[in-house]
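Written below as structure tokens is the structure these notes are about.
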Amino acid sequence: MRHKQSKLLSVPRKFLVKDPRGKEVILTEAGWVEHILADHGELASYLEYLEQTITDPDRIYKSQWDNASELYLRRSSIATGPFQGYHIVVVVRWCLESLRLIGVVTTGYVTSDDKIGGELRWQRSNQ
């Protein structure tokens, strides 16, 4: 029996990475344009920071509003520009696609507050 190709993994994407727990997370081209750039245009030049927030976060929280979502926080992650020293939060929604759990980036934002709430799911060991 052949495994069916995941529809989600076949769409145009900005990146497909693994978080520190080994879970795959995708940012689709549509998600980048229709959600992040449309709602948070300040992130237009911070794509690599969004990716780093997923691959090397400081903390991962369960969303308070959606049981299928988690918030990835990377503290003081922006090194230059108007948001220097700010934190990046990336919201990831978990979907079951062809018997495979895949995280889909739904949005991202910058914040000066590192208390984003929700149950702590994962934390970098040196904190």
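Take 269 as the starting number for the sequence shown in our numbering and just add one per residue.
A virtual CB, placed ideally from N, CA and C, is assigned to each residue, including glycine.
State yes or no: is the beta carbon of residue i nearer than 9 Å to at least one beta carbon in chain B?
i	result
R389	You won't find chain B in this structure, because it holds only one protein chain.
Can you give the beta carbon distance from residue i to residue j, rounded, assuming they're within the 8 Å contact cut?
i	j	result
V285	T296	Their Cβ separation, rounded to whole angstroms, is 13 Å, which puts V285 and T296 out of contact at 8 Å.
L388	V358	Contact flag wrong, Cβ pair sits at about 16 Å.
Please state whether the Cβ-Cβ distance between residue i and residue j is less than 9 Å.
i	j	result
V378	I346	yes
D287	T323	yes
S344	G386	no
G376	T321	yes
L315	I294	no
T374	R361	yes
K275	G299	no
H355	S393	no
What are the boundary residues of the beta strand (DSSP E) that residue i is part of?
i	result
Q391	388 to 391
Y377	368 to 379
I328	327 to 330
P341	The amino acid occupying residue 341 in the given sequence is Leu; Pro does not appear at that position. 337 to 342 is the extent of the beta strand (DSSP E) around L341.
In terms of DSSP beta bridges, what is residue i paired with?
i	result
S278	Partner(s): none; S278 has no beta bridge.
V285	V293
E365	R368
I356	R342, V378
Under DSSP, the alpha helix (DSSP H) around residue i begins and ends at which residues?
i	result
Y317	315 to 323
query = At a cut of 8 Å, does the region 307 to 318 reach the region 327 to 339 through at least three beta carbon pairs?
reply = no
message = Assess contact between the region 362 to 369 and the region 323 to 330, defined as three or more Cβ pairs (one per stretch) separated by less than 8 Å. Is contact present?
response = Output reads no: the region 323 to 330 does not touch the region 362 to 369.
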